[in-house]
Structures are given as C-alpha cells and as structure tokens.
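A.B. asks:
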Amino acid sequence: MRNFKFNTICLFLILSSLPIYSQEKTNDCLEIYGEWKTYYIQQPFGIDSGNKSETWIFNKDKTLSIDGKMTKYSLEEDCSKLIIENDSKSFFIKIIKDTLIMTKRILPHESYDLRLKKIKH
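Structure (structure tokens):
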C-alpha cells in the first residue's frame, strides 16, 4: 500500500510537469517582429467582441500597425510586458511557437485577452 502511494505521487508529478516543457515558451524579444493575425478575443464582463480579426505588424523600429493605424510600442527588458504608447495600453505577453498571447488584467477575475498567430516573419 505504501509503495502504491509513492508510485502514484511520482507519476502525478511527472505527468503534471510535461505540459510545461512542451510549450516551448520564449523570452526572445526578436520573436515579436513580424505580422500577426488575431484569432481569439475575450473581452471583460462578457462583452461580445464580434470575432473581429485584426492584423498587427510589429516593426524593429518600435512602430506598430494595427489594421493600418500606426502607433509606437515598447517592451519590458524581459519581454513580458508590451506597452502601446498612444493608447496607454499595456499587456502581459507570452510567445509560444507561432502564437502571441496578450492579457490585460482589468479586475482579479476579469481580463482582456487576445491571441494572435504569426503570418509573416
């Protein structure tokens, strides 16, 4: 019985750690450069986004085009936060393979989430 509990705990720890390594998260700021397309929008408070797809183009000169509207952006040193200057918006970001996940926390239980797929490097 004691051996069974030990084996069960070991198996649980091994299985729970697998998704962490398979996501291939990157903190390389260069990965954000290029053209991205929105494929998922979750607005706070249950507001319907209407599944609006936007094209985001991040340039190396720190300019950002969102559906043709130009603005400037900056990234924190560890690439975990994106700040869009003209809108005073900031998002926590993660890049996993060809997916950019952007989250703006509104309240502890409400957030504005965007997911974008890279379409051009």
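Residue numbers -22 to -1, 1 to 99, in mature numbering (1 follows the signal peptide of the UniProt record, and there is no 0), belong to the letters of the sequence shown in order. Built from N, CA and C at the ideal position, the CB exists for glycine as well.
Taking the straight line between their C-alpha atoms, what separation do you get for T81 and Y17?
C.D. replies: 14 Å
A.B. asks: What are the boundary residues of the beta strand (DSSP E) that S52 is part of?
C.D. replies: K47 to L53
A.B. asks: Let me know if K50 comes out buried or exposed under the rule of 16 or more other beta-carbons within 10 Å of its beta-carbon.
C.D. replies: exposed
A.B. asks: Taking the alpha carbon of K59 as the point to measure from, which residue in I44, K75, R83 and T33 has its own alpha carbon closest?
C.D. replies: R83
A.B. asks: I need the DSSP call for S58, collapsed to helix, strand or coil.
C.D. replies: Here DSSP, grouped into helix, strand and coil, assigns S58 to coil.
A.B. asks: Hey, how far is the Cα of L85 from the Cα of Q21?
C.D. replies: 12 Å
A.B. asks: Based on the DSSP output, what are the partners of G12 in its beta bridges?
C.D. replies: Bridge partners of G12: F36.
A.B. asks: Near I10, what residues of its chain come up, given a Cβ to Cβ distance below 6 Å and the 5 sequence neighbours on each side ignored?
C.D. replies: F36.
A.B. asks: Nearest-angstrom Cα distance between S66 and S52?
C.D. replies: 11 Å
A.B. asks: Between which two residues does the beta strand (DSSP E) holding residue 104 run?
C.D. replies: Only positions -22 to 99 of the chain appear in this structure, which leaves residue 104 out of reach.
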